[in-house]
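One structure below.
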Amino acid sequence: MPDPLDVAIETAREAGALLLEYLHRPLNSTQKGRRADLVTDADRASERLIIDRLRKDFPRSTIVGEEGGTRAGVAEERWYVDPLDGTTNFTHAYPCFAVSIAYERDEEVCAGVVYAPFYQEMFAAERGAGATLNSRQLQVSTVEHLGDALVCTGFHPADFARNGEYFRVMSGVAQAVRRDGSAALDLAAVAAGRFDGFWEFDLSAWDVSAGALIVREAGGAVSQIDGGRFHVDGRAILATNGRIHDEMVGVLSRPL
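Position one of the sequence shown corresponds to residue 4 (this note's numbering), numbered consecutively onward.
Laid out in C-alpha cells, this is it:
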C-alpha cells in the first residue's frame, strides 16, 4: 500500500497549485446554506482532483469531502478532505486559505497535511512521528500564561451573539485574539508556535482532523472546549501549546 502521508502531501500540493490558478480569475460562487457559506468553482475543482488522486492509490477507502459528501468505501479506512478551507478569504484574494487532507484507520487519524499554497507551506504529521513544516520539525510555543498568549478563533457571522461574547471575554484575558477565517491554518499555526491557542465551535471533521493531529505531534494539547476528550466528529475544538490549556478551558467554561 502506498504511504498515506506521502500521498496526502503530493495530492495537497497538486490541489494547491490548482487553487492558485483560480485565485485571480472571476469565480462562480454560490451559497450553501447560510450567508457567507460559499462554494466556488475552485472548491469543486480542487475536490475533484483530490478524490481522483486518492481513489487511484486507495480505491477501497471511504472519502468524506466538504463539497461532495461521502464516497462510500471500507469502514476502517477513511479520508477527510477540505479542498479549500477559507473560501471567503480566497474569493477576496486574501491568502489565508488551505487544503486539508487527513487519513484515518480504525478510527484513529494516522496522517494529515495542511497546505497553504500561497506561501508554499506544507504542514504535515504522522501519528507517533512528529510534525513538520516543509520537512522542518515543528514545536508548539513555550508561552506559560494566557495573559502573554496570542490566541485565535473562528465563527460564522450568524453565530455572533454567542461567539462574539467569547471573543470579548478572551480578549480581556489573553494578550490578543485573532480571527483569520481558516480553522485548518489556525491549527497549523498553533503547531508552529505562531498562535498559542485556538478554539472554535460548529466545525466538521474535514476542518480539524489534519490540524488536530499536527498540533498533537508538535507537542500541543487538543480537547473539546470543556477539556473533554476530542473526537473529529465532536463539532468543537480547543487546541493549545499545552501550557495554557487549563486556563483557556476555564475561560471558555464560564457562564456567559
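The beta-carbon is built from N, C-alpha and C at its ideal position, and this holds for glycine as well.
How long is the line joining the alpha carbons of Gln-178 and Arg-63, rounded to whole angstroms?
47 Å
Does the distance from the CB of Val-218 to the CB of Leu-190 come in under 8 Å?
yes
Could you tell me the alpha carbon to alpha carbon distance between Glu-69 and Val-172, rounded to whole angstroms?
Using only the alpha carbons, I get a separation of about 31 Å.
May I have a chain-ordered list of the alpha helix (DSSP H) segments no shorter than 4 residues that lie completely inside the stretch 145-222?
163-174, 186-194, 208-220
To the nearest angstrom, how far is the alpha carbon of Glu-124 from that of Ala-194?
13 Å
Could you work out which residue in Gly-175, Phe-198, Val-143, Arg-165 is closest to Val-154 when comparing CA atoms only?
When only C-alpha atoms are compared, the closest one is Phe-198.
Alpha carbon to alpha carbon, how far is Lys-59 from Tyr-97?
32 Å
Which whole runs of the beta strand (DSSP E) in the stretch 89-136 are 3 residues long or more, in chain order?
101-108, 111-119, 124-129, 134-136
Measure the C-alpha to C-alpha separation of Phe-233 and His-248 and round it to an integer number of angstroms.
13 Å
So for Arg-28, helix, strand or coil by DSSP?
coil
Please list, in chain order, all residues of the same chain as Asp-88 whose beta carbon is under 6 Å from its beta carbon, the five residues on each side excluded.
Result list for Asp-88: Ala-101, Ser-103, Ser-185, Ala-187, in chain order.
What is the rounded straight-line gap between the Cα of Ala-242 and the Cα of Ile-54?
28 Å
Find the nearest neighbour of Pro-5 within the set Cys-99, Tyr-122, Ala-114, judged by alpha-carbon distance.
Ala-114
Are the Cβ atoms of Arg-56 and Glu-107 separated by less than 8 Å?
no
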